[in-house]
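Numbering (my numbering), first residue to last: 71 to 1226.
Worksheet: one structure, shown below.
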Amino acid sequence: MHSRLPLLPAWSQRHGTQLLAVLLTIVCTHPVWSQNFVRLTDPANPIAVDQGANGYNGCSWIDFDNDGDLDLFANRDKLYRNEGNGQFTRVNDHGLGAGLVRGLGSGTSWADYDNDGDLDCFFSDARSVLYRNEGNGRFTAVTAGEIGKAFENRGWSCAWSDYDNDGWVDLVITHPANFVGAPLTNHLFRNQGAGIFSRITDSDVTTGQAPYTIAIWSDYDDDGDSDLFIGAGPANGSTAPDFLYQNRLSETGTADLIRLSTGPLASDARDGQNFNWIDYDNDRDLDAFVTNYRGNTNGLVNQLYRNDGGTFTKITSGAIVTDSDISLGNIWADFDNDGDLDCFVTNESGFPNRYYRNEGDGTFTRVTGLAILDKPVNSNAAGASAGDYDDDGDLDLFIAGTGTAQALYRNDLANGNNWLQVVCAGTQSNRAAIGAKVQIKATVHGRSVWQRREISAQNAFNGHNSLRVHFGLAEATRIDSLIIIWPSGNVEYLTEVAANQILPVTEQVSAGTLRPAFNTDVIEAVVPFTVQFTDLSLADPQAPVTSWAWDFNNDGAIDSREPNPVWTFTAAGRYTVSLTVANGVATKTITQPDLIRALQFGRASTGELANVTSAALAASWADFDADGDLDVFLANAQSQNNALFANLGNGSFARITAGAPVTDGGNSQSASWGDYDHDGDLDLYVVNFNQANALYQNQGGGTFEKITSGALVTDRELSSSCSWVDIENDGDLDMFVANVGTNNSLYVNAGDSFTKQTDGAPVNDRGFSQAAAWSDFDNDGDLDLFVANSRNENNFLYVNAGNGSFTRITSGDLVNDHGESRGASWADYDNDGDFDLFVANGQQQANSLYQNQGNGAFVKVTSGALVTEAESSQGSSWGDFDNDGDLDLFVTNTDRPSALYRNEGDGTFARLADNPFAADNNFATSASWVDYDRDGDLDLFVTVNNLNSLLYFNAGNDKHWLQVKLIGTTSNTTAIGAKLRAFATINGKAVLQTREISGQTGFGSQTGLVAHFGLGGATQVDSLQVFWPSGKRTRLHQLAANQFVTIDETGGLTRVEDNSADRPAAFALQQNYPNPFNPATTIGYQLRGSVKVNLSLYNLLGEKVATLVDHVQDAGSYRVAWEGRDANGRLLPAGVYFYRLTAGAEMQTKRLLLLK
């Protein structure tokens, strides 16, 4: 039985509030000591037989399933459910740590970050992740917002605490410089509630880089806020002062962590690892203990500081401060239930673990002969955690070590001492009560003794003890007084509490309280998606909440009056959500700015293409099998086979595993698709580094023949990129190859063979060339060349004279900004009719954007994130991902997440963060905008070296679009070099958009040989002009939006496929319209599959007079415009003519009448 006293004002020792009489701590003698730890060895108990992972890992006792007994998580990925009978079940598929890149060590910290009643987990390592407890044995990784950036948040240890006392736990992650990738500062996150975390960057904690080790929060100065302590830990034999930060919340009203520089705690140099704050002498203030590394070489010892009313005295005698080991972690617990805290220290290989028994008089005895001290030679013990897993009142011990050093030890205490355990649940404070102070007074050995504990989510090495508060009571059978000082400032008193029980205590809500709060089940997803909102508002029990008003889109209108509503978000963007609650006494509102992040992109996670791991450097997209959808070829380096994926048309891909293109292992860098032999299908050229390049001739039917003769495939250079290009506009595709450190190569197609060009600027200017990009930047009808060079060399720009010769441009910023250029891409980003240039630079140099002035000159853009953020960029790709009528840009980075820049339509760009690629940090190389699922919006593919490549699907929006495929006849078949101009009225303004069909762009990218136009709200393209490489022009008018159109150079052939229509079920030839006609008519037909098609016209004598179509076409509906001319362009006489459509084995014939 116990009684609860009335709730009193907040405890504040600093401000002189005297709530309790200060009682002297009486040192007492101990009864006969009897301590026995038994290692569990039952082979049927997985916790007893599983071996520990390599590295410096932690562990924690937690009740993750809320069944009342303690479960265990052992880094890096073992979760054990306590079955309540001494047995544990290994939980599979829990999700914690799954698939993460691992570092030297990993830590966890458990707390209820969303205050929903179950413990969540933060996992720190080479990738640091927050896992939300779903309550069903599964944990979901939180990927949204700053807290979701796993790579940027990499670190060593992590610790939750509510350092601003707002009822939500905040988080610190330590980053040990040079231990977990490139050095970073520490990471500090403020929990704003509703699942939102803000990154704090202006704190002493997040300033500067150092080999930070373990972090622990504790209110060491008893002023009511959590202070922070981080070990200095060089771990290299040197020493440095640790990092102690005092929280100024109680002094200034603002949670600001200021580093301390005076006093022995802040100034003593050591190789500090694991701080702990404990009241080892039962005088009700917190003393400090810290473990030191490298004691075997530098004579460093662990250190204990006694707190004498705010003055710290260093203890210098006793084994606990004279043993010179390689120490890592320390935990404090009253293992013998005698009323004072004992200490357990974990040591690295070659040194036994240490157990120091507190004698109750300020001294400690090193105990030997215990099972917990033994570990195999050459094994480490890092983390340890104390918790009463069998609910028998004494604390058991789990040690996280390597191999068989990992073990669970049951405490079989035989001294009969009594105990109390307290389970705290916050209401106004955070739900797990992290930071709560619990004090008890009991009569021990005839004397009144105070004991003190603090609930901590990091008080070991990369882990923590159970969140239950445990007190040993010796012979005491009851607790005279129990005080809980909650983080909110509330203070709770209980008296006459019986011993030998696990006592739950829930924080009482203060009178007059009304605090609106809510949670969501998702804050970031791809549209459309539905969010469940849950009211978590706190109110005085005497005046509960009676009304709710929700605004989900910040428009001032009430969207719901339900306490726990659902809402569907259909458009991409950020949404501010507010909740107003009332209880008849007061009305209060909470607003969460930009809470919901509705994404336009989602990452594909299933299928072979989304899960292929290779040394991919570049991706080339094209419809190699002529089935109407885009396939992709990956150029793999490091002697790996290249990869070819056929698009199955249902959003999935099948990997081609047979044939030369995918079995010729090499050091491939990039590839380019083009129909060099004019047979109507796409051939493939692949460049290799320091190996002969390869040409694969498409034989149709998905097979290729490798060409083995000629300089094009026998030259061995340090090739980096390639591109098909028709330099003379003669209809034959030539090949340009960029080489590193040698002359670049140009192979001219003579129709039946290739000749290597040896004269002229493009092939005699040696440089460290990385990539080449072709474009008719001067609008004279032929393709000009830009070459990106690294090694701080100037880039090259060549103007095509139209006869196969080039002039190198030597003036202007574009060719004199020497740097570490990796790739470049042309685009008319400002819709002025000429092509501008983006250059991606590596080695943390700013990228460059050059605006074409239309007179052969370029102006370098110098403002905006696109050209001022210093990153190590590689690839780039332009595409109108939001279909608003202007080109956006994606840039790949090798040292940080890649970036999407949205074109604002006014010459500026905004970097977008609310998409999955903002958190995907890998060695990204190339990027390609392609509509792989044929839904009218551009999806994104990113190659990643030695990790899974990334395929992002675009969820789209309500804006319109048009996609155009060109088929050349006089020009090269793939229409490389063709220019398209689309005129449309967008947002009431006439807009001209210009596109160009390219053989390669960015860094080794090819984007499908298709032109994509975003049209905003326009429902049609008023005029579409095609400027063919041959010089011919095609003009079409009033093309409806949301269609795939194919245009043939011969006679204005168009194939129109409505995106919403199903593919034709039957072969059909339609009657021409109008009929009779003069001067032009249109012939329509349907194909039910990909097939070789011939559409020809005959006179009454059966003589063929014209051929309108003669190549492979995909399934779909087509229209052909015929102007009454023969194959030579001459007008035919009036009369009756027949037109015949042949598609494979099917054929139909109809007649038409040409009038004068």
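Just so it is clear, CB atoms sit at the ideal spot from N, CA and C, and this is done for glycine as well.
Measuring alpha carbon to alpha carbon, tell me which of ALA285, SER684, ALA1191 and GLN316 ends up nearest GLY342.
Of ALA285, SER684, ALA1191 and GLN316, the residue nearest in Cα terms is ALA285.
Exposed or buried, GLN1183, counting other C-beta atoms within 10 Å across all chains shown (16 or more means buried)?
Classified as buried, GLN1183 has 16 or more neighbouring CB atoms from the shown chains inside 10 Å of its CB.
C-beta atoms of PHE267 and GLY187 nearer than 9 Å
No, the Cβ-Cβ distance between PHE267 and GLY187 is not below 9 Å.
Which partner residues of THR978 appear in the DSSP bridge assignment?
THR978 is not bridged to any residue.
Status (buried if at least 16 other CB within 10 Å, exposed otherwise) for PRO1149:
Counting other Cβ atoms within 10 Å of its Cβ, PRO1149 stays below 16 and is therefore classed as exposed.
Under 9 Å between the Cβ atoms of ASN945 and ARG892?
Residue identity check: residue 945 is Gly in the sequence provided, not Asn. In this structure, ARG892 lies closer than 9 Å to GLY945 by Cβ.
Reduced DSSP secondary structure (H/G/I, E/B, other) of ALA1213
DSSP places ALA1213 within a strand segment (E or B) once states are collapsed to three.
Length of the line joining the Cα atoms of ASN115 and GLN157:
Near 6 Å, if we compare the C-alpha coordinates of GLN157 and ASN115.
I believe LEU330 touches ALA336 by the beta-carbon criterion, under 8 Å. Please report the beta-carbon distance rounded to the nearest angstrom.
With a Cβ gap of about 4 Å, LEU330 and ALA336 count as contacting.
Simplified DSSP state of ILE96, which is helix, strand or coil:
Model confidence at ILE96 stands at a pLDDT of 28, short of 50, so the residue's coordinates are unreliable and nothing is read from them.
So the alpha helix (DSSP H) ILE117 belongs to, where does it begin and stop?
Residues 116-119.
For HIS748 and ASN1042, the rounded distance between their alpha carbons
If you draw a straight line from the Cα of ASN1042 to the Cα of HIS748, it comes to about 7 Å.
Looking at ARG538 and LEU1020, is the spacing between their C-beta atoms short of 9 Å?
Using a Cβ distance threshold of 9 Å, LEU1020 and ARG538 do not count as a contacting pair.
Minimum C-alpha distance to LEU443 - residue among VAL108, LEU718, GLY165 and GLN913:
Distance check between LEU443 and each of VAL108, LEU718, GLY165 and GLN913 places VAL108 closest, using alpha-carbon atoms only.
Tell me, please, whether the region 1170-1184 touches the region 711-718 by the rule of three or more beta-carbon pairs shorter than 8 Å.
Touching, no.
Measure from the alpha carbon of THR322 to the alpha carbon of each residue in THR332, ASP349, GLY294 and THR435, then state which is nearest.
When THR332, ASP349, GLY294 and THR435 are compared, the shortest CA-CA separation from THR322 is found for GLY294.
So, helix, strand or coil for GLN83, using DSSP?
Confidence at GLN83 is low in this model, with a pLDDT of 34, below 50, so its placement is unreliable and the value that follows should be read with caution. Coil at GLN83, not helix or strand.
From ALA123 to ALA452, what distance separates their C-alpha atoms?
Spanning the alpha carbons of ALA123 and ALA452 requires a straight line of approximately 11 Å.
From the DSSP output, in three-state form, read off SER544 for me.
Correcting the residue identity first, residue 544 is Ala in this sequence and not Ser. Strand at ALA544.
Distance, Cα to Cα, ASN809 vs SER790?
The straight-line gap from Cα to Cα measures roughly 6 Å.
Buried or exposed (CB count within 10 angstroms, at least 16 for buried), HIS164
In summary, HIS164 is buried, with 16 or more beta-carbon neighbours lying within 10 Å of its beta-carbon over all protein chains present.
Would you check if there are 3 or more beta carbon pairs closer than 8 Å linking the region 794-802 to the region 1094-1110?
Under the Cβ criterion (8 Å, minimum of three pairs), the region 794-802 counts as touching the region 1094-1110.
Work out the CA separation of PHE134 and ASN527 for me, nearest whole Å.
For the sequence presented, residue 527 should be read as Ala rather than Asn. If you draw a straight line from the Cα of ALA527 to the Cα of PHE134, it comes to about 14 Å.
If you drop the 5 nearest sequence neighbours on each side, which residues of the same chain put their C-beta closer than 8 Å to that of ALA724?
Excluding positions up to five away in sequence, the list reads GLU678, PHE715, ALA716 and LEU718.
Count the other C-beta atoms from every protein chain shown that fall within 10 angstroms of the C-beta of PRO246, then say buried if there are 16 or more, exposed otherwise.
Buried, by the Cβ-count rule.
Cβ-Cβ distance between SER231 and ILE243 below 9 Å
For SER231 and ILE243, no; Cβs fall outside 9 Å.
THR44, DSSP secondary structure in three states:
No answer is possible for residue 44: it lies beyond the span of the chain, which begins at 71 and ends at 1226.
Between ASN1145, PHE603, ALA713 and SER918, which has its C-alpha nearest PRO731's C-alpha?
If we check each option's Cα against that of PRO731, ALA713 comes out closest.
Using only the alpha-carbon positions, how far apart do ALA705 and ARG1105 sit?
Just so you know, the alpha carbons of ALA705 and ARG1105 end up roughly 37 Å apart.
Measuring straight from C-alpha to C-alpha, what distance separates THR1013 and ALA994?
If you take the alpha carbons of THR1013 and ALA994, they lie about 6 Å apart.
Count Cβ pairs between the region 171-183 and the region 515-529 that sit closer than 8 Å; are there 3 or more?
Proximity of the region 171-183 to the region 515-529 meets the contact definition, three or more beta-carbon pairs being nearer than 8 Å.
Extent of the continuous beta strand (DSSP E) run through LEU1167
Run containing LEU1167: 1161-1168, per the beta strand (DSSP E) assignment.
GLY1115 versus ILE1153 - alpha carbon distance
Sequence check: residue 1115 is Val here, not Gly. ILE1153 has its alpha-carbon roughly 15 Å from the corresponding atom of VAL1115.
Enclosing beta strand (DSSP E) for THR322 [first to last residue]:
Per DSSP, THR322 lies in no beta strand (DSSP E) segment; the continuous alpha helix (DSSP H) that holds it begins and ends at 319-322.
SER337 - DSSP class collapsed to helix/strand/coil
Reduced to three states, the DSSP call for SER337 is helix.
Is the region 754-762 in contact with the region 731-745, if contact means three or more CB pairs nearer than 8 Å?
Taking 8 Å as the limit for Cβ pairs, the verdict is that the region 731-745 does touch the region 754-762.
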